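The sequence shown stops at residue 379 when you use this note's numbering, and every number in between is there. Right, one structure below, let's go through it.
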Amino acid sequence: MNDLQRDIAGAIDAHHRLEADLSQWEALEVGEPSLLDGWTRGHVLTHLARNADSHAQMLAAAARGEPAVQYPGGRAQRDADIEAGAGRPLAELIADVMESNRALEAAWSAAGERVWSATGDTVAGPVALSDLPFRRWRETTVHHADLGGAFTWRDWPADYVRLELQRMTMLWNSRQSMGLTGLPAAALAVPPEHRLAWLMGRASIDGLAPAELMA
165 MNDLQRDIAG
175 AIDAHHRLEA
185 DLSQWEALEV
195 GEPSLLDGWT
205 RGHVLTHLAR
215 NADSHAQMLA
225 AAARGEPAVQ
235 YPGGRAQRDA
245 DIEAGAGRPL
255 AELIADVMES
265 NRALEAAWSA
275 AGERVWSATG
285 DTVAGPVALS
295 DLPFRRWRET
305 TVHHADLGGA
315 FTWRDWPADY
325 VRLELQRMTM
335 LWNSRQSMGL
345 TGLPAAALAV
355 PPEHRLAWLM
365 GRASIDGLAP
375 AELMA
């Protein structure tokens, strides 16, 4: 299994975990606050659906030989789409997430070498399209925990945690002053999933300020 196949498998597993959890939800839960400031659970679910759509659209554009732009209207479009869908009934939100998941998985299956070798533009900057499955794995896994339900960062899969820790540790090192590389001892003393949650702004560690890498 190569890295791309691994990341697609991980993202599909994350889709299934999320959908299994959502099937247990009650109707009133969708309007409650998530763990993300200013967002309800409806905002998080809508974001997950529109994020899947945006990835599928990038792959389709690359297949046509066109620029692969995640959100043609930029961050304003992204935010407006999330706000517009956040207040829908639970059944509609769940159906949206599931349909967008299946459409993205079909796009992954259809993508050939030309697509995977292309690059695209996101609101955060350029991206190799071959990295999109890992990014989707991240989006689904992390935002699943952001819903504030039974699934938390302590439940993040070990294979995802291992791969993401490599990326986040490199980002941490790149933000430090010359000669001050390496994670703090207190961060290294906690389990990997706790360390990653701290790096991603989802948990605290005694004696450490927030990592502030996700702004």
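Idealized CB from N, CA, C, for every residue including glycine. Predicted, not measured: the structure shown is a model, and the values here were computed from it.
Spatial neighbours of residue i in its chain, beta-carbon cut-off 7 Å, leaving aside the 5 residues before and after
i    : result
I258 : L186
V325 : P356, E357, L360
V279 : L223, A226, A227, L293
Q221 : none
D310 : S198, L199, L200, V208
Between the CA atoms of residue j and residue i - distance to the nearest angstrom
i    : j    : result
P355 : Q234 : 34 Å
A351 : D217 : 36 Å
W336 : A184 : 34 Å
F298 : L327 : 9 Å
A314 : S368 : 19 Å
A349 : M332 : 16 Å
A288 : M378 : 11 Å
R239 : D323 : 31 Å
S341 : D295 : 28 Å
E376 : E357 : 17 Å
E190 : R205 : 12 Å
P236 : A353 : 43 Å
L372 : L268 : 38 Å
L329 : D245 : 31 Å
D243 : S281 : 29 Å
G174 : N166 : 12 Å
I172 : G202 : 30 Å
L254 : G312 : 15 Å
G251 : A274 : 33 Å
E230 : E277 : 15 Å
Residues that residue i bridges to, as DSSP identifies them
i    : result
P197 : T204
V291 : G284
V233 : D285
Beta-carbon contacts of residue i that lie in its chain and below 6 Å, excluding the five residues immediately before and after
i    : result
V261 : L209, L212, A213
A366 : The amino acid occupying residue 366 in the given sequence is Arg; Ala does not appear at that position. Taken in chain order, the residues that qualify are W317.
N149 : The structure shown does not extend to residue 149, since the chain is modelled only from 165 to 379, so the question has no answer here.
A225 : A232
Close-in-space but distant-in-sequence residues of the same chain around residue i (CB under 8 Å, 5 per side omitted)
i    : result
T283 : A232, P290, V291, A292, L293
H308 : A178, R181, L182, D185, F315
R339 : L377
Any non-hydrogen atom of the ligand GDP closer than 7 Å to residue i Cβ
i    : result
E263 : In the structure on display, the ligand GDP does not appear, and there are no ligands present to speak of.
query: Where are the alpha helix (DSSP H) runs, 4 residues long or more, that stay fully inside the region 291–333, in chain order?
result: 296–310
- prompt: Which ranges would you report for the beta strand (DSSP E) in the region 333–364 if only whole runs of at least 3 residues count?
  reply: none
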